[in-house]
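Scroll down for the structure; my scribbles are underneath it.
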Amino acid sequence: MAILKIARMGHPVLMQRAHEVPDPTDPAVKRLVDAMIETMEDADGTGLAAPQVHVPWRIVVYKVDAGRAADEDGEAAMEGTGGVPTTALINPVLEPIGEETEIGFEACLSVPGMAGPVRRFTHLKYRYRTLDGETVEAEAHGFHARVLQHECDHLDGVLYPMRIEDMRQFGFVEELQKAARADDDKDDDGEFDEDADA
Ligand code: NI
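Quick look at the structure:
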């Protein structure tokens, strides 16, 4: 097993549409997923998409801590899909439920040290194949839905800075944290808080 090198913004592999995986049960897919999970954990990330490790396939790994989901979403998350164990999605497809969106700060292992606010759908349906070749359909909301949208964007050559509406709020995490501490009174929606690299 190996920790893989992570591509950074500017590398062409991050800018292209990744290919469908023809056979999710191929042992090469399982080996890649195992290495992606190890790489994600080593980098302390929330999610990782195959193009981020220079492989242009439609594969995502991610996990959502229950505490994190609850912090972000309040009671709704605690009642339902709070945490998500480490999961591998092969050929995932997302479909928003309703029009509702929310802005939250994101960070990315391919854009190290930075964070910025991104508008995402609040609720969505997602469908994917497992390593056993089964098809799974489920729903996600809040932080979980945000992670899925961030990761699946990677499969279409989209990095989160491309979706930032207010570039004045895009910056280095260290500076954003300093500014947030200096401005502690405000608790506006969309204000910077701890980011999760994905
Ligand atoms: Ni990312």
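Going left to right, the sequence shown walks through residues 522 to 719 as the numbering used here numbers them.
Glycine residues also receive a C-beta, built at the ideal position from the N, C-alpha and C atoms.
None of these values were measured; they are calculated from a predicted model.
* To do: Could you tell me how far apart the beta carbons of H644 and G619 are, in whole angstroms, since I believe they sit closer than 8 Å?
  => Indexing the sequence shown from 1 puts residue 644 at position 123. Indexing the sequence shown from 1 puts residue 619 at position 98. Contact between H644 and G619 is confirmed by a C-beta separation of about 6 Å, below the 8 Å threshold.
* Pull up the distance between the alpha-carbon of G678 and that of A703, whole angstroms please. => Here residue 678 refers to the residue found at position 157 when the sequence shown is read from its first residue. Here residue 703 refers to the residue found at position 182 when the sequence shown is read from its first residue. A straight-line Cα-Cα distance of about 36 Å links G678 and A703.
* To do: Would you list the residues sitting across from V585 in a DSSP beta bridge?
  => Position 64 of the sequence shown, counting from 1, holds the residue named residue 585. V585 is bridged to V605.
* Return yes when at least one heavy atom of the ligand NI lies under 7 Å from the C-beta of L630, else no. => Numbered from 1 along the sequence shown, position 109 holds the residue referred to as residue 630. Flag set: Cβ of L630 near the ligand NI.
* Beta-carbon separation of H575 and A539 under 8 Å? -> Residue numbering aside, residue 575 sits at position 54 when the sequence shown is read from its first letter. Residue numbering aside, residue 539 sits at position 18 when the sequence shown is read from its first letter. H575 is not a Cβ neighbour of A539, given a cutoff of 8 Å.
* **Sequence-distant residues of the same chain with beta carbon closer than 7 Å to A659, five excluded per side** => One-based indexing of the sequence shown puts residue 659 at position 138. Closer than 7 Å at the Cβ level, and outside the excluded window around A659, lie Y647.
* Check: H671 C-beta below 7 Å from any heavy atom of the ligand NI -> Residue 671 sits at position 150 when you count from the first residue of the sequence shown. Correct: H671 has its Cβ closer than 7 Å to the ligand NI.
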